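Student: To convert a position in the sequence shown, counted from 1, into our numbering, add 282. Questions regarding the structure given below will be posed in turn.
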Amino acid sequence: MVTCSAPGKVILFGEHAVVYGKTAVAVAIDRRLYCSVERSDDGQTRVNGHPISETYHGYTVEAIRKVDIREPLNITTSSDIYSGAGLGSSAAVTIATLGALHRLKGEAPEEEDVARQGFHIECKVQGSASPIDTSTCTHGGAILVSSKKLRNFLWKMERGGTSWNVHEGSVPGDMTLVVGYTGVHAPTSPLVTRVRNFCARNTFARDMVNEIGEVVDEGCSALERGDLERVGELMNRNHKLLKILGVSHPKLDSLVKASGKYSYGAKLTGAGGGGSMIALTDRPEKVAKIISLRGGVPFVSGLTHKGLSLEKDMINIQ
Ligand code: PMV
């Protein structure tokens, strides 16, 4: 049996607009998904005991195709990343599964190759995607995606005429984030499709995407300077623009508003439509309490530098 793990993530700035090539920044969080794989003599591939299905296990089906394993497998996952919560659970399952499957085959691909395979899988399953989630899950730490090639460049991804340069990002060491989960399950794919359709028929939506791009570029400079006040203001602005783009939810708006009292700023994180928000604060207990009082589930999120990791390999023991 081989077990790999990958972290969840939060997007500090730029979700949705990043799908169209705008800048975005994400950080890996200290919540992980573990995927164990082993060959099976059951005659059928199972995921957590259930026969594998395109409907319920789309990312896993595609990962098996990419790694090209044809024998039946037993796949088990466990995770403390809420799913459909904007915290990168789909990217984490994709990347941890790819890592474990490659290792089961005796392969040790480069980080960049796994991130690329993961990105292609997300594009296929979700219809469109950017490489931010899969790159953050694979590499860990902070990830900055930009149309320009900057310092600390990691890799470049291209798709349908859009290109993304993926870099190691820099975030202030003293940054504390509180995540508030609304409890509203909101898978990424329909929200990405909603924004794509909105942008296809409406110049106003495309203007919003461009404006998010400008806010995020300024947010990146503020992050580099360690100017938390300005980062917070720009997070608030980014949230308002995402709301206009139609991807917020009344519960997200309520948690963002309530945490404003004790935060530099707050915004939804990930695809939206429910899912989670983040608040940048130096009073995490106060923010967590107010999120709970408003019906959200808070946790103080530590950042992790641990990306895709091999946890256990009972097959290729060296
Ligand atoms: O909700 P999540 O964790 O899957 O994040 C989605 C981020 C988007 O920008 C909406 C899509 C993407 O692929 O970048």
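Yeah, the Cβ is synthetic: ideal placement off N, Cα and C, and Gly gets one too. Predicted, not measured: the structure shown is a model, and the values here were computed from it.
Is the beta carbon of GLY442 within less than 6 Å of some heavy atom of the ligand PMV?
Tutor: Checking every heavy atom of the ligand PMV against the Cβ of GLY442, none is found closer than 6 Å.
Student: Check whether the Cβ of HIS298 sits closer than 6 Å to any heavy atom of the ligand PMV, and report yes or no.
Tutor: True, at least one ligand heavy atom lies under 6 Å from that Cβ.
Student: Using the C-alpha atoms, what's the distance from PHE401 back to GLY443?
Tutor: Looking at the two C-alpha atoms, the distance is approximately 15 Å.
Student: Since VAL477 and VAL529 should fall inside the 8 Å C-beta cutoff, what is the C-beta to C-beta distance between them, to a whole number of angstroms?
Tutor: 6 Å between Cβ atoms; contact.
Student: Any heavy atom of the ligand ZN inside 6 Å of the beta-carbon of ILE414?
Tutor: Ligands in the displayed structure: the ligand PMV; the ligand ZN is not one of them.
Student: Per DSSP, what are the beta-bridge partners of CYS286 in this structure?
Tutor: Answer is CYS317 and LEU592, bridged to CYS286.
Student: So VAL474 and SER410 are supposed to be a Cβ contact under 8 Å. How far apart are they, rounded?
Tutor: Correct: roughly 5 Å between the Cβ atoms.
Student: Would the beta-carbon of GLY578 fall within 7 Å of that of GLY462?
Tutor: For GLY578 and GLY462, yes; Cβs fall inside 7 Å.
Student: Between the Cα of THR418 and those of LEU436, VAL309 and ARG519, spot the shortest distance and give me the residue it belongs to.
Tutor: Of the candidates LEU436, VAL309 and ARG519, the one whose C-alpha sits nearest the C-alpha of THR418 is VAL309.
Student: Would you call the segment 513-526 in contact with the segment 289-299, where contact means no fewer than 3 C-beta pairs closer than 8 Å?
Tutor: With a cut-off of 8 Å, the segment 289-299 and the segment 513-526 count as touching, because enough Cβ pairs lie within range.
Student: Is SER541 near ILE560, with beta carbons less than 7 Å apart?
Tutor: No. Outside cutoff.
Student: Does the beta-carbon distance from LEU562 to GLY547 come in below 7 Å?
Tutor: Their beta carbons are under 7 Å apart, which means LEU562 touches GLY547 by this criterion.
Student: Whose CA, out of GLU394, ILE363 and THR485, lies closest to the CA of HIS467?
Tutor: For the residues GLU394, ILE363 and THR485, the minimum Cα distance to HIS467 belongs to ILE363.
Student: Cα separation between PRO354 and GLY340?
Tutor: If I take the Cα positions, the gap works out to 16 Å.
Student: If ALA397 and LEU315 are in contact, beta carbons under 8 Å, what's the gap, nearest whole angstrom?
Tutor: In fact, because the Cβ distance is near 16 Å, the residues do not count as touching under 8 Å.
Student: Fully enclosed by the segment 480-566, which beta strand (DSSP E) runs are 3 residues long or longer?
Tutor: Here the runs fully enclosed are 547-551 and 558-562.
Student: Is the distance from the Cβ of GLY501 to the Cβ of LEU516 below 7 Å?
Tutor: Cβ distance < 7 Å, so GLY501 and LEU516 count as in contact.
Student: Check the C-beta distance from VAL319 over to LEU386 and give it rounded, since I have them as a contact under 8 Å.
Tutor: Confirmed, about 5 Å.
Student: Distance check for LYS406 and VAL343, CA to CA, integer angstroms please.
Tutor: Approximately 11 Å, taken between the alpha carbons.
Student: Which partner residues does ALA308 have in the DSSP bridge list?
Tutor: In DSSP, ALA308 forms a bridge with ILE293 and ILE425.
Student: Which residue comes first and which comes last in the alpha helix (DSSP H) that contains LYS438?
Tutor: Per DSSP, LYS438 belongs to no alpha helix (DSSP H); it is in the beta strand (DSSP E), 435-441.
Student: What's the gap between the Cα of ILE570 and the Cα of GLY368?
Tutor: Looking at the sequence provided, one finds Ala at residue 570 rather than Ile. Near 18 Å, if we compare the C-alpha coordinates of GLY368 and ALA570.
Student: Since I believe LEU426 is in contact with GLY451 (beta carbons under 8 Å), could you give me their beta-carbon distance rounded to a whole number of angstroms?
Tutor: About 4 Å separates the two Cβ atoms, so the contact holds.
Student: Helix or strand or just coil, what does DSSP make of GLU270?
Tutor: In this structure the chain extends from 283 to 600, so residue 270 is not present and cannot be described.
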